[in-house]
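Quick mapping for you: the protein sequence lines, in order, are chains A and B. In terms of our numbering, the first sequence is residues 1 to 116. In terms of our numbering, the second sequence is residues 1001 to 1546. All residues carry an ideal CB built from backbone N, CA and C; glycine is no exception. Just below is one structure, and these are the notes that go with it.
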Amino acid sequence: MFKKTLITCILVMFSLGTISAAFASEGPNGNKRKGKYTYRKVVKACFERGEVDSATPKISPADKKQAEWKAIFEEKNFGEFGCAQDWAALNEKDVLDIYSYLYNFAADSPTPATCK
Amino acid sequence: MGKKKINYRKQIFGSILVIIFAALIIPGAFASKQVSGNEEALGIKLAKQAVRANKRWTTTDHAKIEILKQDFKSGDEITQACLSCHTDASMQFKETIHWTWEVPSEKEGIMNGKAGHAINNFCISGNNMEDKGCLSCHAGWNGTKGEVNCLACHGSEKFNYKEAFEDLNAFEGDDDPDTLEITKEIQAGIQSAVSKITMPQRENCGECHFKGGGGDGVKHGDLDTSMAQPNKNLDVHMAAEGANFACTRCHTTVRHNIAGRLYTRPAAAERKSLIDDDMASKITCESCHSNLPHKKADSKMNDHTDKVACQSCHIPEFARVNPTKMWWDWTKAGDLKDGKPYVVKGEFNKPTYKSIKGEFRWEKNVMPEYFWYNGSFSNIGIKDEIDPASIVEVSHPLGDKNDPDSRIAPFKIHRGKQPYDKIYKRMVAPLLSGPNGYWTTFDMNDAITRGNKTLDVDYSGEFDYVETTYAFPITHMVAPEEKALDCNECHIRENSRLANITGIYLPGRDRSNFIDSIGLIAVLGAFAGVMLHGFGRFFTRNGKEE
C-alpha cells in the first residue's frame, strides 16, 4: 500500500512539475534553428535588392534582452530591421521561428549569441 | 696722404688659394648631396634582395578537386579529403606545438606550454586542455580529439563550420521542404569555403594571435586586429604601401613547424643573416637587415647592434591603434548584480570590469619596458615555489650584459593579481569555463580544486592572491625610419628609457667622476698647449714678414 502511494505521489509531482515548467516558459516555441536561417535569408534578399549594406544581419540576438525582443514581436514592430517588404512577406510560422531564434540567444539568455 | 703700396704677390697667392679651395669643396659638397640622396642603408638594400616581390603561384585550383565537392557531414571528413592528396600533413602538424600546446622542459616532471604546467596572468591555465574555453583556438575540429582543421590556417573564407555541422546534424531526417532547402544552402556554403584554399593569411594567424587571452589585443601589445591591414606608420613590413608582408614571410615553416616560437628557447638558435647562410630563417631582424643595417658602415647607430635590439629604437610605442590590456585583477572577480554577472565598459569602449574575470586596465601608445634579453624566458609554473611577499615574475626575459647573445630589448609587462596556494606557496590553475568552472559557479576554491586536479597537482584548499607580471617581447608594429627613437630618449640624465638597465656606463645618462676628470684634463691640456704654441710664435715673431 505504502509503495503504491509513494509511486502515485511521485507521478503526480512529476506531472505537476512538467506541466508547470511548460507553462512557466514565457518564450516563443518556434524552431529557433530554422529561424536563424530564415532571418539570414531575409537580410540576404534585402541586400541583393540594395536596401541594406551587408548580406549579414547587423542586428544580433545578443544586441537586445529577451524582454525587448518580446516587445518587438508582440507589437510586430519590425521597422528597426529595415527590409519591410521581406518582413511583410513572411508567414506567421517564419516570424515565430525568427522570434524564437532572437529570444533564445538574447543578451540575458543562458546562451547569448556570439560572433563565432 | 701717401699711396698705400699694393702687395700683388700676396693678392695673387690668396686668389689662387681661394680658387683651389672652391674647386675642391664645391663639387665635393654637390657630390656628397647626390650620394646621400641615392644612398640606401645597407640593411634596407640587403632586405630588399632577401625578400623580392612575392612570386608564389599554385598549380592547383581546389575548386576543381572532385573530392572537395561532396556533401560533408563533419570536419573530420573534410580533413580526410585534404589528406587524400596531402598525405603527411596531419601527421606533421600533430607533432608541432600548434597542436600539442606542450614544450618539454629541462626540469624533471615538468611540461611547459598551455596544455602543460605553464601558467599566465590572463586566464591563468589551459588546464591540460580540459578548459574548453581555450580550445576555440586549437586547430582541431573537436579540440584535441579527431583530426586537424586544415582550414583554420589554409581556408581563405571565414566560415562557421561548427555551426554548419551542428545544424546539419539537427536537420537530419527532417523532410520539410524548407528544411531541405536550408540543408542544401548549408552544404553549398561548406563546399564553397572548402574550395578556397590559401597559404596562411594574416586573418588566419590573427584569429588566434590577434585575440589571444580572450579578446582583441588582450595578450600581445604588438599584435591585434589593427595588424590585419596596417598602414605604414603602424608597421612598415605589413603595410600595403610598405613591404606588404603576410605573417609567413618571416614566420617560415618546416614540416608545419612555424618559426618564431620563443619560450625557454630563443626563436632562432643563431644570429645569422641570409648572406651568412642562405638557408637561415627569416625570423630575426638581422636575417634580412644584417648586423650593420644603417647608412654608412661606420654609422654610430651600427655600433649599437651588438647591445641593443633593433626593436628598441624602431618600435617607440606599442598598441598604437587599438588598446592593449595592461592590468588584470582577479581579486575583484565574482561581484554580481541581482545574482547575475555583469560587465562595465570604460575608456576605449573596452570592459574595465567583468564579474567572471575581475578588473582590467587598458592602455594605448604604451612605452615598452626594456630588459637584457637573450631570446628566452624564465617561467614560473604551477609546480614552482613562489615568494608571495614579492611580485611573482610568471614570465620574465632572460639575459645579461656580459652575454654576447643578449640585447637590450623592449617588452610589454602585463601586471595583475591572481590566486596562489597559501600553504604550498605555489601558483594555482582554476578551471574557468564549463558547467563546473568559475565562470558558472563563482566559487574560486572549487574552481582551483578542479583545475589543479586536471594537472595532477595537489591543492591545500586555502588560497590568496599575489601580484604577478608577465612579459611579452615587442617585435611587431615596426615604425617608419623617421619615427625611430632619438638618441636623447636613452642618452639623457633624467627619464631615460633605459633607466632600469643598470651596471653599464651609458653616455649621456651616466656620469663617472673619473671619466669626467680625464675629459676635463684633456680639454684643459689642449687649451694650454694651443696657448703656449700661440705665445711662442708671437714672441719669437715666427712667420712675421720682415
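Measuring alpha carbon to alpha carbon, tell me which residue in the options is nearest residue i.
i	options	result
B:Ala1164	B:Thr1183, B:Cys1153, B:Pro1341 and B:Glu1157	B:Thr1183
B:Glu1482	B:Thr1441, B:Ile1518 and B:Cys1313	B:Cys1313
B:Leu1336	B:Asn1349, B:Pro1316, B:His1154 and B:Lys1357	B:Lys1357
A:Phe47	A:Pro61, A:Pro110 and A:Asp86	A:Asp86
B:Asn1436	B:Ile1423, B:Arg1450, B:Asp1421 and B:Met1427	B:Arg1450
B:Pro1404	B:Glu1393, B:Val1344 and B:His1304	B:His1304
B:Val1308	B:Phe1360, B:Glu1359 and B:Leu1498	B:Leu1498
B:Ser1136	B:Val1523, B:Cys1247, B:Met1444 and B:Cys1208	B:Cys1208
B:Ser1084	B:Gln1092, B:Leu1068 and B:Phe1093	B:Leu1068
B:Val1366	B:Gly1503, B:Arg1509 and B:Gly1217	B:Gly1217
B:Gly1140	B:Trp1439, B:Thr1475, B:Ala1526 and B:Ile1097	B:Ile1097
B:Lys1272	B:Asp1175, B:Tyr1342, B:Cys1288 and B:Lys1219	B:Cys1288
B:His1117	B:Ser1395, B:Val1051 and B:Ile1044	B:Ser1395
B:Arg1407	B:Ile1258, B:Ile1501 and B:Asp1443	B:Ile1501
B:Val1236	B:Lys1219, B:Cys1285 and B:Ala1280	B:Cys1285
B:Thr1352	B:Thr1441, B:Met1326 and B:Phe1245	B:Met1326
Could you check how far apart the C-beta atoms of residue i and residue j are, in whole angstroms? I think they sit under 8 Å.
i	j	result
A:Tyr37	A:Trp69	About 18 Å separates the two Cβ atoms, so there is no contact after all.
B:Ser1299	B:Ile1275	At roughly 18 Å, the Cβ-Cβ gap does not stay under 8 Å, so B:Ser1299 and B:Ile1275 are not in contact.
B:Thr1454	B:Asn1127	4 Å
B:Gly1416	B:Trp1328	4 Å
A:Asp97	A:Gly27	Wrong, their Cβ atoms sit about 13 Å apart, outside the cutoff.
B:Arg1426	B:Asp1384	7 Å
B:Asn1149	B:Gly1075	6 Å
B:Ala1320	B:Met1477	For the record, residue 1320 of chain B in the displayed sequence is Arg; it is not Ala. Indeed, because the Cβ distance is near 6 Å, the residues count as touching under 8 Å.
B:Leu1371	B:Ala1333	Looking at the sequence shown, residue 1371 of chain B is not Leu but Phe. Contact doesn't hold; Cβ gap of about 30 Å is too wide.
B:Leu1262	B:Gly1375	6 Å
B:Asn1169	B:Pro1480	That belief does not hold up - the Cβ atoms of B:Asn1169 and B:Pro1480 are roughly 52 Å apart, past 8 Å.
A:Lys34	B:Asp1178	7 Å
Which residues of chain A have a Cβ atom closer than 8 Å to the Cβ of residue i, listed in chain order?
i	result
B:Thr1179	Lys34
The beta strand (DSSP E) spanning residue i covers which residue range?
i	result
B:Ala1522	Careful: B:Ala1522 lies outside any beta strand (DSSP E), inside the alpha helix (DSSP H) at Asn1513 to Thr1540.
B:Glu1481	First-last for B:Glu1481: undefined, no H or E at that position.
A:Phe47	That residue, A:Phe47, is in no beta strand (DSSP E); its alpha helix (DSSP H) goes Lys32 to Glu48.
B:Arg1361	Gly1358 to Glu1363
B:Phe1463	Phe1463 to Pro1473
B:Asn1204	Looking at the DSSP string, B:Asn1204 is not in any beta strand (DSSP E); the run it does join, the alpha helix (DSSP H), is Arg1202 to His1209.
B:His1396	Val1392 to Pro1397
B:Asn1141	The residue you asked about is not Asn; residue 1141 of chain B is Trp in the sequence shown. From DSSP, the beta strand (DSSP E) with B:Trp1141 extends over Gly1140 to Asn1142.
B:Thr1352	Pro1351 to Lys1354
B:Glu1369	Glu1369 to Tyr1373
At what residues does the alpha helix (DSSP H) containing residue i begin and finish?
i	result
B:Glu1181	Pro1177 to Val1194
B:Ala1409	Counting along the chain, B:Ala1409 falls outside any alpha helix (DSSP H), though it belongs to the beta strand (DSSP E) covering Arg1407 to Asp1421.
B:Tyr1424	From DSSP, B:Tyr1424 is part of no alpha helix (DSSP H); its letter is neither H nor E.
B:Thr1449	Met1444 to Thr1454
B:Met1326	Not the alpha helix (DSSP H): B:Met1326 falls in the beta strand (DSSP E), residues Thr1324 to Asp1329.
A:Asn104	Glu92 to Asn104
B:Glu1286	Cys1285 to His1289
B:Tyr1161	Tyr1161 to Phe1171
B:Thr1264	First-last for B:Thr1264: undefined, no H or E at that position.
B:Gly1043	Leu1042 to Ala1050
Less than 8 Å between the C-beta atoms of residue i and residue j, yes or no?
i	j	result
B:Trp1099	B:Lys1114	no
B:Ala1243	B:Asn1231	no
B:Met1129	B:Gly1143	yes
B:Ile1448	B:Phe1472	no
B:Pro1397	B:Phe1318	no
B:Ile1197	B:Cys1250	no
B:Pro1323	B:Leu1485	no
B:Phe1331	B:Ile1391	A small correction: the amino acid at residue 1331 of chain B is Thr; Phe does not occupy that position in the sequence shown. Cβ atoms of B:Thr1331 and B:Ile1391: not closer than 8 Å.
B:Val1466	B:Tyr1420	yes
B:Ala1041	B:Ser1195	no
B:Ala1228	B:Gly1213	no
B:Ser1090	B:Glu1147	yes
B:Gln1311	B:Ile1474	yes
B:Thr1264	B:Ser1105	yes
A:Pro61	A:Ala113	yes
B:Asn1379	B:Asn1160	no
Please compile the residues from chain A whose C-beta is within a distance smaller than 7 Å of the C-beta of residue i.
i	result
B:Ala1170	Arg33
B:Asp1167	Arg33
B:Ile1182	Lys34 and Tyr37
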